[in-house]
Structures are given as structure tokens and as C-alpha cells.
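Which chain is which? The protein sequence lines are P and W, in order. Residues in the first sequence are numbered consecutively from 1, following this note's numbering. Residues in the second sequence are numbered consecutively from 1001, following this note's numbering. What follows is a single structure, written as C-alpha cells, with notes after it.
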Amino acid sequence: MELFLTVCVTSVTLGLLYSLFALGLSLVLRTSGQLNLAHGDSLMLATYVGLGTSSLSGSRAVGIVSAMAAAAAVGAIAHLAVYSPVASRRRAGMAGLGFLPALGVALIVRNVAVRADPDGSSPFPSLFPGGRVNLFGDYRFPPTGWWLLAAGVVVPVAVALVLRRTTVGRRIRAVADEPVLARLNGLPVTRTLAAAYALAGVVGGLAGVLFASFFGQVFVTLGWQATLKGFVAAVLGGLGWVRGALLGGLALGVVESFVSGYLSTRFRDVATFALLIGVLLLVPRGVLAGGRLRSV
Amino acid sequence: MKRWRLAAPALVLALALVAGACGNDKKDTAASTGGGAKTVTIALGGPFSGADKATGDNIRAGAELAAAEINDAGGIAGGPMQGARIAFEEFDDADTPANGAANMRTIIDDKALVAFVGSGLSDVSTAMAPLASREAFPFLSAYASSEKILEAAKDAKSVFVVPPTFPAYAFSVTDELLKAGHTKPAILHATGTYGDGIAGLVVDRLKEKSVTPVANESFTFADTDFRVQLAKIKDATPDSLVVVGLATIDALVLTQADELGLRVPFFDPGGITNNDTFINAAGALAEGVVGNTPTRDGRNTPAATSLRDRYKAATGQSVIPDPAVFAYEGVRAVAAAFAAGASGRGDLVEYLHQISIEDTGVGPLKFGEDGSRIGGRLYVFRITGGKPVFFQGYEQTGPKAVREIPVDD
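Laid out in C-alpha cells, this is it:
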């Protein structure tokens, strides 16, 4: 029974982290049509920024906010300085290569992080207050776990509200739906896309400090893992705005944890990617998207 | 005009080819006897970029220390290459086997390079060794230490593993686990050559003593959450836990095991817990962890003290990391083979099999028929008060054999 409960808890905690990774990727993918391969590395670098600022200032809140701001800045600047200029110079025959600038940014960001942390990992104190609580048996749930559960509910709702209720959110959705029409109507498409990258960065920065606080360490390799898991979760969820990312992340967490718990860890990635290929073949819009791809 | 348009790229191409050819000439000359000064150029490999760059930096630091020591003493001490200076050409593999294999091809084709010293990961050395073996090229694995590296190269005997091999690591800690009276160990290990290899040897050693692990779970190096595996292990009610991972991973495993209430003695047969990264990350949970290491800080032979002092003067660090130690020994081995009579890469392998260095600072260095180190040592410790306290030594006496030695040997 304790094994089953541990698997359930791990499904949820891992699933919510994957959801937050996926949310940032989905936002950019839906808005710009581009897979932002630099998303994970941006949030990884931002997590290091959060570690540094919290250590220097002695304030956890400063660490969290600066991580969110750093990831937002990296995303927006990369779009304005690299992605947008490259896209405007794209020629015929280069379709499908739109991910390359983001891959370049990812590698640059990763190399910066490696210079900053040659060991590849650093201990990360929890930036979220609270004490351990006995869940069941001897299992003492770490305090960041509760904050992760809260973020898993609050962040998707907050992002949905931003997209529905704010001017920038409505512009993001307009650009996502009809970019040419949006431009003809005078919407600042480049700046709106930069805002989408920044919003994705805010979510990513928070996901990064939650991840590092939950596990007590930050890794240079977190970037690629976040991109990979987030992308799989986003595809499973149907590449929607918010709900798809949330449900896709949870689905991925459940599959990984139950396969590891009741089959073998060696089959975990096989099961995950078999599921992904199955979804792409049979339900390309995603198992969980149904027919409402554009719903928020 | 049209002709010029065609001629311009051709001219650029021709200039590039000429420049390239000039570059190659210069390199070959410098590597042999350019300007009358002989040079022995060794290909130095490792993860000089990427997440494991620290290992590559350590390999470089150890190799450069050996080169400085040899060159400052007047170069190669004897033989046809007497007086030759040691130089390096670096090959970055970023811990990727495919990069390592591609590097090996380049290294073999470059006649100026006499030997390879390096690799941080057994998967990389295992990918490189067959090619080196086929071409009879001298290959010294300086940190990667799987016995599979030698198995991949057993015919040509040009492949050497400088550290003790995996069986020595696995058997030394497993023997201590058994001596402590544990009869229900569980194993949690990484997948791949390193993790599967050492875990398999631990299981073999346990079976020799009629002990079967109550659980055997695995993970990948990309994992950060081990709660599910640990919950399965806890279900099996073990009396001890053997973890084959990396420093940061082992610290995460300890933390998560503590969260789940799995509090049993922790054993590390991978030689990765004797460092600040693990001890800082694990904090108080590191207390009592039993591990092994080939470099005991307190060893006080003249060679050991000298090596520590020179390394501290060169790098500012008082503890020599394992990759640095073995890269240092690898370069010393090549220099000793040249001093014994080797004249180039053609006969270097033969002389490498004959060298015998009494004490490099780590211990005696000579190689067996199969290329493994004879007499490689490991020291078993228990972390106490945040520091390793050594209590038992082991010496590798064969490909799959160890014997106990005094800890202060």
C-alpha cells in the first residue's frame, strides 16, 4: 500500500513539474508556431540566477522573482534579437528549420551555465517556506511539495486569466489565431510575440526554482530535460493553451511513475515514447485535447 | 568578368588548401624533431566541454603536472628519445562515445601522436578501445575503468587501464558490507557500462557468499526523482543499500530515502563519495556512508607527499581528484616506456607492458598481460564528522581478484 501511495504522490509531483515545463512551451508554440528549444535552458539559467540573488540578498522572494524575471528576459530578448530577425530573413526552402535559432540560443545559454557551474550541479536551498509533513507511513513530504501542488493549480488559472482578461493576453491569442490578420489590424506582432516568450519565461522561471527547491539541487542538464519532458507533455495534452499542458504533464507523470513502480525503470522511457508515437499516429491533436484545440 | 567570378572561388579554395597543407607540415615537424628539439606528443582526451567539464579539467591538470615534472627534469630520461619534451594535443569527447570514436580515428591518422591518455567515462573508452586495438595504437584509459574496455581490446594488447578496474571497486565495498554482517542488501544503480557493470559485479560477489540482494533497481543519469525505486526497495525490507551513481545523484538518493523513512547503512562501490560535492550536497546524511577511493589523502610516502605538494603549487588544491591522478600516472607511464627504450608509437606498446614504477605517489604502477593495472589500490572509508576516515585497504591482484592490505600500506 505504501508503494502504491508513493507512486501516486510521485505521479502528481512529477506531473505538475512537467505541466509547468509544458505550459511555457505550449504558449510559445501556439503563438509563434515555433518549438522553443531554448525554453528549458532559459529556465535552467534563470534558476541559477535565483540561487545567486537569493544568496546575495538573503531573501527567498528575491530569488524567486529574479528567476522568473531572468527567464522572461532571456525569452523576450532572444525573440527580439534572434528569432524575429531570422524569421524575417527566411527564404523559400528553409521551412522546417525554424527551430535552429532556438537550438543555437539553447547551446549558448547552456555553455554560459557550464562556465558558471563547472561541476554541473549545485546544492539549492528551498526558496519556499514550511516544514516536512508526514503523509503516510514514514513518508515526510518536503515543504516545496505543497508549494508545487499550489502552483500546479494557481499558475494555469493565472495564465488562463492573463490570456482571457488582459490586453496583452488577447493580443497573444489574436496573433496565435491569425498572425497576418493581426498585423493588418495594426497589432504589434513582434512585441506581442516577445510578450508571449516573456510570459512563458515567467512560468518557466517559477518551474525552475520549484524543481530545484523540491530536489535540493540545480543541474546544468535540467534545461534539456525540461524541454524534452515539457514537449512530450504538451504533445500528449494536445498542444492547447493551458489545459492541455496541465493534463499532458500529469499523464506523463502517471505513466512514468507507474511503469517504474510496477514494471521497471528500464521500460519507463520506452512506454512514454511508445505512448507519444501512438498519440501522434492515432490522435494527432492529443488524447486530451478532444475537438477543442483552441479552448483556454 | 564572368571568368573572374569563376576564378575567385577557385582561388580562395586553392589558398585554403595551401594554408591547410602548410599547417599540417608544421604540425608534423613540431611533433617529431622540429628545430632539433625532440617532442613526444600525446593525444589527451576527455570531456573538456559539457556538463562533465570538471572531469576534463582535472584530466588536463594531472597530465600537465606530469609533463612539467618530466620536462623540468630534462625531458625523457633515456632511450632513443632521451631529452624529448612531453606535449599534448587535446581531443574533446564531451562524455559522448560517438565523439570519442571519431576522435580516435583522427588520432590514429595523425602520425605525430604517439599515444592516447584520457577519457572520463567508461562508455567513451569502450567505444574508442576497439579501434585503438585494431590499429595497435597505445591507448591508456586514465579515469574510465570498466573491465569491458580491456575485453574490447584483448587481442592487440595495446589498451591499458590505469586505475583499478571495476571488479576492484565492486569487490572492496561488497566485502566490507559482508564483513559488517549485512545479509539483506538492496541495490540501486545507474544504467550503462558504469552502473550496470559495477552493480552486476556486486551481485556476483554477493552470490559467491550466498547472499542475494532483496531488491535491484535502476535509474538513468537524467533522473532526479528516485522515490518510486526507493519505495520498492523499502518494501523489500533491506538491511543495507548499495548505490552506484554519481556524487550529486547519491546525495539525492540519500535525501529521498530519508524522506521515505528508509534509513539503512549506505554503501558506494563506485568511488564517488570521497569529494566535497557529495559531502556538501548530502549534509548530515553523509555520515556513516561507506565508500572507496584510490587516492588516500593521508598517504605519506615521499612520492605521495611530493605529488600532493606539486599539485597544490600548480592548482591551489590540496586534494588531488581521481581523474587528475590517473592522467598524471598515464603520462608518467608513457614517459617511462620511452625512457626504457621505445622509439615511437610502433614499439611503445611493447615497452608499456614492461614498465614498473615503484611509487607514482599513488602506489606502484605496472600493467598485466591484459592491460589492467597490477597492484592497483583502493582504500575503504566511512564518512565521519564530514570527512572520510579510512579503515581498510585493498589491492587488485588479477582481472577479477582483490586482496586486503593494511590501510596505511
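Note that CB positions come from ideal geometry on N, CA and C, so glycine has one too.
Proximity of chain W to L3 of chain P at the Cβ level (cut-off 7 Å) is accounted for by A1231, K1232, D1235, in chain order. Runs of the alpha helix (DSSP H) lying entirely within the region 167-203 of chain P and spanning at least 4 residues, in chain order: 167-177, 179-184. When C-beta atoms of the region 259-268 of chain P are compared with those of the region 1228-1238 of chain W, three or more pairs fall below 8 Å, so the two segments count as touching. Within the region 1045-1118 of chain W, the alpha helix (DSSP H) runs of at least 4 residues that lie entirely inside it are, in chain order, 1053-1072, 1097-1109. Taking C-beta atoms as the reference points, R1377 of chain W and E1404 of chain W fail to come closer than 8 Å.
Residue contact check for Q217 of chain P against chain W: a CB pair falls below 8 Å. In the three-state reduction of the DSSP assignment, S1240 of chain W falls in the strand class, which pools E and B.
Approximately 13 Å separates the beta-carbon atoms of S1119 of chain W and A1153 of chain W; this is outside 8 Å, ruling out the contact. Ranked by how close their Cα comes to the Cα of A72 of chain P, the residues P:L239, P:D41, P:S88 have P:D41 in first place. Cβ proximity to chain P below 8 Å picks out T1191 from the region 1187-1203 of chain W. At a cut-off of 8 Å, the C-beta of V7 of chain P has a neighbouring C-beta in chain W. For the C-beta of N1103 of chain W, not a single chain P residue is nearer than 7 Å; the gap to the nearest is close to 20 Å. G1385 of chain W counts as exposed, since fewer than 16 other beta carbons sit within 10 angstroms of its beta carbon. One Cα belongs to A195 of chain P, the other to V154 of chain P, and the distance between them is close to 20 Å. Taking 8 Å as the threshold, the shortest C-beta distance from R1227 of chain W to chain P falls below it.
Non-local C-beta neighbours of A251 of chain P in its own chain, meaning closer than 6 Å and more than five positions away in sequence, comprise L236, ordered along the chain. DSSP places P1185 of chain W in the strand class (E or B) of the three-state scheme.
Taking a C-beta distance under 8 Å as the contact criterion, L1201 of chain W and P1185 of chain W do not qualify as a contact pair. Rounded to the nearest whole angstrom, the C-alpha separation of L1150 of chain W and S264 of chain P is 30 Å.
Nearest C-alpha to V1244 of chain W among W:T1237, W:P1388, W:A1236, W:V1253: W:V1253.
When DSSP states are grouped into helix, strand and coil, P1269 of chain W belongs to the coil group.
Under the three-state reduction of DSSP, E1151 of chain W is assigned to helix.
F231 of chain P: member of the alpha helix (DSSP H) spanning 222-237, first to last residue. Taking the Cα positions, N1216 of chain W is about 8 Å away from H1189 of chain W.
For R1377 of chain W, the enclosing beta strand (DSSP E) stretches over residues 1377-1384. In the DSSP assignment, A1401 of chain W falls within the unbroken beta strand (DSSP E) covering 1401-1405.
Taken in chain order, the whole alpha helix (DSSP H) runs of length 4 or more contained in the region 1271-1318 of chain W are 1276-1282, 1302-1315. In the DSSP assignment, Y18 of chain P falls within the unbroken alpha helix (DSSP H) covering 2-32. For A1037 of chain W, the number of other beta carbons within 10 angstroms of its own is below 16, and it is reported as exposed. Boundaries of the beta strand (DSSP E) harbouring A1215 of chain W: 1215-1219, taken from the DSSP string. With the criterion set as a beta carbon lying under 9 Å from some beta carbon of chain P, the members of the region 1253-1275 of chain W are T1255, Q1256, D1258, E1259, L1260, G1261, L1262, R1263, in sequence order. Contacts with chain P at 8 Å (Cβ-Cβ) do not include S1240 of chain W. Cα atoms of A1304 of chain W and E1358 of chain W: separation of roughly 12 Å, rounded to the nearest angstrom. CA-CA distance, L149 of chain P to R268 of chain P, rounds to 24 Å. Boundaries for S1356 of chain W: no beta strand (DSSP E) harbours it, and the DSSP string shows neither H nor E there. Here T31 of chain P really is in contact with V175 of chain P; their C-beta atoms are around 6 Å apart, less than 8 Å.
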